[in-house]
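Those protein sequences? They're chains A and B, same order as listed. Note that our numbering numbers the first sequence so that position 74 is 74, with each residue one more than the last. Note that our numbering numbers the second sequence so that position 10 is 1010, with each residue one more than the last. Every residue, glycine too, gets a C-beta built ideally from N, C-alpha and C. Because the structure is a prediction, the values reported are computed rather than measured.
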Amino acid sequence: MAADIADAPAPPRTGRPRPAHGRNRKPILPRVWHFASFGAPGVLIYLCFVMAPILISFWYSLTNYNPFNPPIKFVGFENYVLLFSDEQFLTALKITTILTLIVVIVPNLLGLGVALLLDRKGWLYNALRSVFFTPVILSSVVVSIVWSRLLDDQGPLNELLRALGVASPPGWLSDPDLAIYSVASIVCWQQLGFCVVVYLAGLQGVPTELLEAAEIDGAGPWRRFRAVTWPLLAPSLTINTVVLLISAFKTYDYVKVITNGGPGSGATATIAFDVLQTGFDSNHVGYASAMAVLMLVIVAVVTTIVLNFLRRREVDL
Amino acid sequence: MSRVRPVAALVVSALFFVPLYLVLANVFKQGDLIAKSPASLPMPPTISNIHAVLTRPDGLFWVSLTNSMVVTLLSILVLTVLSAMLGHYLARSSKRWTKVLTLILLAGLMIPPQVILIPITDVLRITHTMATLQGLILFNVGYYVPFGVFVFTGFIRSVPVELEEAALLDGASRMQVFWRVVFPLLRPATASVLIFLGVWIWNDFIDPLIILGPSQGTTITTGIYRSIGQYQADLGSVFALMFLATLPVLIFYLALQKQFVKGLTGGATKG
């Protein structure tokens, strides 16, 4: 697309006088025009399809809105109060927290390990990098279906375990206590490649002279990693953590496709899953909106705290 | 010591590869063998699964493919144009309220779709675009504009203003200056935006599921999701459908691999 447009930037001319007004004091009209033509279309569509719905969500959350049970009544913060004594919501909050913690920590750790392992030149390492990155571009629906075949009670994994002599291998997805960890592992598998690539890029930015200098000073491999490499990977850690945090907290696709919230009553139901279940299947739109708004607040607060902490850490290091 | 690394790398990668192998092996395996021995090699290989998906009487694959193509291409096209221009405005204006606007837009990067999806059905009903591809495209544009703006604004700041001022003095209009002078310089940013949003929108599941609704057509992802209900007995078709659905994005990735990784890591190295 860009290739069609004339490439050569106009050469700056020096002969002509600059306009009377400086760069900082442009007249008002061009500024308004600049916004109207360049800024407004994007802003407008964002306001209509993101900001306005959030405000509507907040309004719904203060009512008992149910499309099949009019009239709408204003109930104040009653929905929010109810949420904190709702077993189902508190379970969903717990499950979302477990899932988020696993998905933030495990791919970060394993991703660093794999990146250190693959941080070499040559076709072999290039090919293996692609292996790790491929799941990142797959649809979560595809990943979910493949893994639910793999972890099925009669699936290949359990067949293998039986062949190895395990009499009753675990029901990875059918045991309510285990299912959430299986789902979390599947998410980790898909996200791992992202962390690997980000860490590999970070490793390229570690100057070899520094590592050599440390070696001459007698630092062993662990000391070199701890004192030179790890501090320089701080920006990579920040990116991975924040991206994983935001995406893990809204996990929906895997739960919907793999377990549909089960097994049993909500053993894998995340908040993201509960919101749509309550809003669209049970039609308690008011209550579901309160959940959604609370979800937004939690994401915003946690992300801001984590981001600030990691940024400050980057500066300190 | 020097032998340990390649061996370890190979073993770890092989373990990681198992689920991908499962897809590849079962796409080319007879349907009844998949349930019996899912992990075996597809011997003799067959293309009957792929053939079955391509010639389904209801055309599920072709309809889904067309819908996903239309939605993805139009969304990323509009998103690139709108977010590049909005990014230009934000990068070049130093008013206090543009800083506020930037913050509001960046907040969009972490908004979970759940907060929007319930009321969006009402918004789309008002604009008569509920359960249509246009509705889904409008939603995509609104939802992903923050990402585009995030990438473009940073990049445009690194393009010298003098370049634009010179072109303006030469009598070009602001639009001409932007599209003919600035935009061609933004190619790496444009590549990032096209690649990321392309993959995200192609793989998107929750939004088409809700916005297109249960009866009104499917995209590739919702098509696969619906087919696992119907095909319980015919796993071969499910695997073939997943394989075919992934093929376009896989080709896209392999063709643009370098830019992919560059775009992904641009932020990581800049810090």
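message = Determine, for A/V299, whether the minimum Cβ-Cβ distance to residues of chain B falls below 9 Å.
response = yes
inquiry  = Counting only beta-carbon separations shorter than 9 Å, does A/I54 have a partner in chain B?
reply    = yes
request  = Keeping to the same chain, check which residues put their C-beta closer than 8 Å to that of B/T1121; ignore five residues upstream and five downstream.
outcome  = M1130, I1210, I1211
inquiry  = For the alpha helix (DSSP H) containing B/P1184, name the first residue and the last one.
reply    = Per DSSP, B/P1184 belongs to no alpha helix (DSSP H) and is neither H nor E.
message = By the DSSP assignment, the alpha helix (DSSP H) with B/K1036 in it spans what residues?
response = 1031 to 1036
task = Express the C-alpha separation of A/F132 and A/D253 in angstroms, rounding to a whole number.
result = 21 Å
query = What do you reckon, are the CB atoms on A/V293 and A/F84 nearer than 9 Å?
reply = no
message = Would B/L1109 pass as an interface residue toward chain A - the criterion being a Cβ-Cβ separation below 9 Å?
response = yes
Segments assigned alpha helix (DSSP H), at least 4 residues, entirely inside the stretch 221 to 280 of chain A = 221 to 224, 234 to 249, 271 to 276
key: Under 9 Å by beta carbon: chain A residues contacting B/I1113   = The sequence shown places Pro at residue 1113 of chain B, not Ile. Correct list: K250, Y252, A272.
request  = Compare the C-beta of B/T1221 with all C-beta atoms of chain A and state if any pair is closer than 9 Å.
outcome  = yes
task = Report yes if the CB atom of B/I1076 is closer than 9 Å to the CB atom of B/V1193, and no otherwise.
result = yes
key: Exposed unless 16 or more other CB atoms sit within 10 angstroms - verdict on A/D274   = buried
request  = Establish whether the CB of A/S282 and some CB of chain B are separated by less than 9 Å.
outcome  = no
inquiry  = Pop quiz: A/G261 and A/T268 are said to be a contact at Cβ under 8 Å. What is the actual Cβ separation, rounded to whole angstroms?
reply    = 6 Å
task = Use the C-beta contact count for A/P221: other C-beta atoms within 10 angstroms, 16 or more gives buried, fewer gives exposed.
result = exposed
inquiry  = Give me the residue from B/R1092, B/A1035, B/A1189 with the minimum Cα distance to B/L1079.
reply    = B/A1189
inquiry  = Can you find the residues in the same chain that come closer than 7 Å, C-beta to C-beta, to A/A2, ignoring five residues on each side of it along the sequence?
reply    = With a pLDDT of 37 at A/A2, under the threshold of 50, the modelled position of that residue is not reliable, and the figure given next carries that caveat. Cβ neighbours of A/A2 beyond the five flanking positions: none.
Contacting residues, own chain, Cβ-Cβ under 8 Å from B/A1268 (five flanking each side not counted) = Residue confidence is low: B/A1268 scores 39 on pLDDT, short of 50, so the model does not pin down where it sits. No coordinate-derived value is stated.
ask   = So which residues of chain B does A/P156 contact, with C-beta pairs closer than 8 Å?
value = L1022, P1038, A1039
query = What whole-angstrom Cβ distance do A/N378 and A/T241 have, given they're in contact under 8 Å?
reply = Absent from the structure is residue 378 of chain A, since the part of chain A shown begins at 1 and ends at 317.
inquiry  = Could you compute how far the alpha carbon of A/G165 sits from the alpha carbon of A/R149?
reply    = 21 Å
B/F1196, DSSP secondary structure in three states = helix
task = Out of B/L1117, B/L1086, B/I1251, point me to the one whose CA is closest to B/N1140's CA.
result = B/L1117
ask   = Rounded to a whole number of angstroms, what is the C-alpha to C-alpha distance between A/A92 and A/F309?
value = 27 Å
request  = Can you tell me which of B/L1101, B/L1169, B/F1152 puts its alpha carbon nearest to the alpha carbon of A/Y46?
outcome  = B/L1101
request  = Kindly indicate which three-state DSSP category A/F74 falls into: helix, strand or coil?
outcome  = strand
key: Proximal residues to B/V1159 (C-beta, below 7 Å), its chain only, five neighbours per side dropped   = V1182, L1185
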